[in-house]
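Data block below; observations after.
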Amino acid sequence: MAYTMMQTPRGTKDFLPRDAERKRWIEETLRSLFWRWGYREIITPTMEFYDAVSAGDAAGLAGNLYRFFEREGDILALRPDMTTPIARVVATRLQGAAKPLRLCYHANVFRYADPQAGRRREFYQSGVELVGSSSHLADAEVIALAVESLKAVGLKNFRVDIGHVDYYEGILQNSGLSQDKRRSLRMALLKKDYVALEELTGDFSLSQEDRELLLRLPHLRGGREILVEAVERAANPTSQRAISNLTAIYDALEAYQLTDWIQVDLGMIKDIEYYTGMVLEAYTADMGFTIGTGGRYDHLIHQFGYGCPATGFALGIERIMLALSRQDGWTSMPNFRVLCLGLAEGPKLAWQTAEKLRAKGFPVELAVDSFAEDEILEYAVAQGFRWVIQPLTPERIRVWTEADGWREQELGEFAAALGGGVPNG
Numbered sequence: 001m002a003y004t005m006m007q008t009p010r011g012t013k014d015f016l017p018r019d020a021e022r023k024r025w026i027e028e029t030l031r032s033l034f035w036r037w038g039y040r041e042i043i044t045p046t047m048e049f050y051d052a053v054s055a056g057d058a059a060g061l062a063g064n065l066y067r068f069f070e071r072e073g074d075i076l077a078l079r080p081d082m083t084t085p086i087a088r089v090v091a092t093r094l095q096g097a098a099k100p101l102r103l104c105y106h107a108n109v110f111r112y113a114d115p116q117a118g119r120r121r122e123f124y125q126s127g128v129e130l131v132g133s134s135s136h137l138a139d140a141e142v143i144a145l146a147v148e149s150l151k152a153v154g155l156k157n158f159r160v161d162i163g164h165v166d167y168y169e170g171i172l173q174n175s176g177l178s179q180d181k182r183r184s185l186r187m188a189l190l191k192k193d194y195v196a197l198e199e200l201t202g203d204f205s206l207s208q209e210d211r212e213l214l215l216r217l218p219h220l221r222g223g224r225e226i227l228v229e230a231v232e233r234a235a236n237p238t239s240q241r242a243i244s245n246l247t248a249i250y251d252a253l254e255a256y257q258l259t260d261w262i263q264v265d266l267g268m269i270k271d272i273e274y275y276t277g278m279v280l281e282a283y284t285a286d287m288g289f290t291i292g293t294g295g296r297y298d299h300l301i302h303q304f305g306y307g308c309p310a311t312g313f314a315l316g317i318e319r320i321m322l323a324l325s326r327q328d329g330w331t332s333m334p335n336f337r338v339l340c341l342g343l344a345e346g347p348k349l350a351w352q353t354a355e356k357l358r359a360k361g362f363p364v365e366l367a368v369d370s371f372a373e374d375e376i377l378e379y380a381v382a383q384g385f386r387w388v389i390q391p392l393t394p395e396r397i398r399v400w401t402e403a404d405g406w407r408e409q410e411l412g413e414f415a416a417a418l419g420g421g422v423p424n425g
């Protein structure tokens, strides 16, 4: 398909005002939550040296990079995620910082892949990285924060699945399978292709116990009972240590009273290969793809010359937007928008009224054109204003809402009824 200058490049989009407000509201909600949990924002360049991105990537995203040459001849790449740039910053700029470090971000990332629902080639993520701790409590914290993040933006019917990469790796540890055969098994699990999984386990030289456990992996999903079954089935120490670690994490989440949102999934396989321990994926009931992903990556920062454990997660902003639209049409997002009339008839009074409300945090727009009342109210509904006001005196206004029509009210009473406004953006 030929594109023209009137279009955006494939896999990108314009955010029109209403979607831009919704996007910013999600990001600001998460920014506030992350800050209350002690996470400090970090901002990195949109482009990185290709060698830095590919070194940290461990071959997981190398085929999906946007690469280009700068004039000096160096190969650059647009960042495909934020974890690798943050690993670079920790290794080069924050080695001497007291650990653990709690870092967060809100950024656009780029992957050259087929666009899909809620994810284009340029998409937006908010996330956290807890750097410098190998404790299971650090993993429990980022899982808990992922749950609280999805609750904070108003999602209701969601869950966070948790697994451990070493449970699967332990099964194959002594199998003698080549890397190609391991990769085939991994892809079958990643794609949840159970027919291919059964064929592969039958073709490869696996013990009967390992074959049965691999076939059971996709079904090892649930609560604490899955951890009990998994440790009984695993005969190797690597898988047993993985379950011991995951059980400690689950115990902490139970103490935090968050297990209603948690599901153990030992068949979870990640498409990014730098994870070394706990892994997580977040889902909503009415969408068949993740809205968040993450896990522990103890070796990634070492790729930049500094050994340091870390764990974290990223949430897909557009996917959260899509989930909220399907769930309840954004009823969780506050709307304090006010349209103030009377500027043409009495500019001083209208201006002063708008300024008083703006000082209290309300986003107020002044009607700069004179229209008939039915036309201005139709405009207000179409533009999503919660209130239309008309100043009568410096202290008294007429207030209109779509549900109740017009009424008179003291200006101070109107502002105090909601304790002041909070701009959507």
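In this text, residue positions in the sequence shown follow this note's numbering: the first is 1, and each later residue adds one.
Each residue gets a CB set at the ideal place from its N, CA and C atoms; glycine is no exception.
| For the alpha helix (DSSP H) that Y112 lies in, which residues bound it at each end? | Element bounds for Y112: n/a, residue is neither H nor E.
| said: So, does the segment 147-156 touch the segment 263-276, judging by three or more C-beta pairs under 8 Å? | reply: Flag = no, the segment 147-156 and the segment 263-276 do not touch.
| query | Run through DSSP, which three-state label would A77 get? | reply | Secondary structure of A77 (DSSP, three-state): strand.
| query | Around the C-beta of T8, are 16 or more other C-beta atoms found within 10 angstroms, so that it is buried, or is it exposed? | reply | So T8 counts as exposed.
| said: Judging by CA-CA distance, which residue of L33, A91 and Q390 is the nearest neighbour of C340? | reply: For the set L33, A91 and Q390, the Cα lying nearest the Cα of C340 is the one of Q390.
| With burial defined as no fewer than 16 other Cβ atoms inside 10 Å of the residue's Cβ, what is the status of T311: buried or exposed? | Classification for T311: buried.
| query | How is A255 classed by DSSP in three states: helix, strand or coil? | reply | Reduced to three states, the DSSP call for A255 is helix.
| query | Should I453 be labelled buried (16 or more other beta-carbon atoms within 10 Å of its own) or exposed? | reply | Any property of residue 453 remains undetermined from this structure, which presents the chain solely from 1 to 425.
| query | CB-CB under 6 Å to R163, same chain, minus the five flanking residues each way: which ones, in chain order? | reply | Here the sequence assigns Gly to residue 163, which means Arg is not the residue at that position. Cβ neighbours of G163 beyond the five flanking positions: D265, L266, M268 and V279.
| task | Answer yes if the segment 68-85 comes into contact with the segment 98-118, meaning at least three C-beta pairs across the two stretches below 8 Å, and no otherwise. | result | Three or more Cβ pairs drawn from the segment 98-118 and the segment 68-85 lie within less than 8 Å of each other, which places the two stretches in contact.
| task | Can you have a look at S32 and say buried or exposed, based on whether 16 or more other CB atoms are within 10 angstroms of its CB? | result | Exposed is the label assigned to S32, since fewer than 16 other Cβ atoms lie within 10 Å of its Cβ.
| request: Any chance you could list the alpha helix (DSSP H) runs of at least 4 consecutive residues sitting entirely within the segment 37-71, in chain order? | output: If you keep only unbroken alpha helix (DSSP H) runs of at least 4 residues inside the segment 37-71, you get 50-57.
| query | Would you report the Cα separation of I301 and I317, rounded to the nearest angstrom? | reply | Rounded to the nearest angstrom, the two C-alpha atoms are 26 Å apart.
| message | Is it buried or exposed, W25, if we count other Cβ atoms within 10 angstroms and call 16 or more buried? | response | Burial call: buried.
| field | Residues of its chain near L349, where Cβ-Cβ distance is below 6 Å and the 5 sequence neighbours each way are ignored | value | So the qualifying residues of the chain are P391.
| Among L65, V90 and L213, nearest to L78 - alpha-carbon criterion | Relative to the Cα of L78, the nearest Cα in the group L65, V90 and L213 belongs to L65.
| field | Backbone secondary structure at F414 - three-state DSSP | value | Looking at F414 - three-state DSSP - the assignment turns out to be helix.
| query | Do H136 and A252 have their C-beta atoms closer together than 8 Å? | reply | In this structure, A252 lies closer than 8 Å to H136 by Cβ.
| said: Using 8 Å as the cut-off, can you tell me whether the segment 201-211 makes contact with the segment 132-146, which would need three or more C-beta pairs spanning the two stretches below that distance? | reply: Flag = no, the segment 201-211 and the segment 132-146 do not touch.
| message | Please classify S126 as buried or exposed, where buried requires at least 16 neighbouring CB atoms within 10 angstroms. | response | Looking at its Cβ environment, which holds 16 or more other Cβ atoms inside 10 Å, S126 is buried.
| field | Cut-off 8 Å between Cβ atoms - residues of its own chain near K181, not counting five sequence neighbours on either side | value | Spatial neighbours of K181 in its own chain (CB-CB distance under 8 Å, excluding positions within 5 residues in sequence) are listed in chain order as L200 and F204.
| According to the neighbour-count rule (16 or more other Cβ atoms, all chains shown, within 10 Å of its Cβ), is V142 buried or exposed? | Counting C-beta atoms within 10 angstroms of its own C-beta, V142 has 16 or more neighbours from the protein chains shown and is therefore classed as buried.
| field | Closest residue to V90 among I43, P80 and Y379 (Cα-Cα distance) | value | Comparing Cα-Cα distances from V90 to each of I43, P80 and Y379, the minimum goes to I43.
| said: On the DSSP letters alone, give me the boundaries of the alpha helix (DSSP H) that G346 sits inside. | reply: Note, G346: premise wrong, no alpha helix (DSSP H); not H, not E.
| query | Beta carbon of A427, beta carbon of Y167: below 8 Å? | reply | What the structure shows of the chain is the stretch from 1 to 425, and residue 427 is not part of that stretch, so it cannot be assessed.
| request: Taking D51 as the reference, give the member of F304, P334, A354 and R358 with the closest Cα. | output: Residue F304 is the option with its Cα nearest to D51.
| Buried versus exposed call for F371 [16 or more other C-beta atoms within 10 Å across all chains shown] | With fewer than 16 Cβ atoms within 10 Å of its Cβ, F371 is classed as exposed.
| field | Presumed contact (8 Å Cβ cut-off) between L155 and D271, rounded CB distance | value | Taking the Cβ atoms as the reference, L155 lies roughly 23 Å from D271, outside the contact range of under 8 Å.
| task | Would you check if the distance between the CB atom of I397 and the CB atom of L377 is smaller than 8 Å? | result | The answer is no: Cβ separation not under 8 Å.
| query | Which partner residues of I262 appear in the DSSP bridge assignment? | reply | Looking at the DSSP assignment, I262 forms a beta bridge with V160.
| query | What first and last residue would you give for the beta strand (DSSP E) that runs through A314? | reply | A310 to G316 is the extent of the beta strand (DSSP E) around A314.
| Given that a residue counts as buried once 16 or more other Cβ atoms are within 10 Å of its Cβ, and exposed if not, what is L315? | In the assembly as shown, L315 is a buried residue. Its beta-carbon has 16 or more other beta-carbons within 10 Å.
| message | Within the continuous beta strand (DSSP E) that includes V381, where are the two ends? | response | Membership of V381 in any beta strand (DSSP E) is not indicated; the residue belongs instead to the alpha helix (DSSP H) covering E373 to Q383.
| How many angstroms separate the CA atom of K356 from the CA atom of E408? | If I take the Cα positions, the gap works out to 17 Å.
| message | Does any residue of chain D have a CB that is nearer than 8 Å to the CB of Y379? | response | Protein chains in the displayed structure number just one, and chain D is not present.
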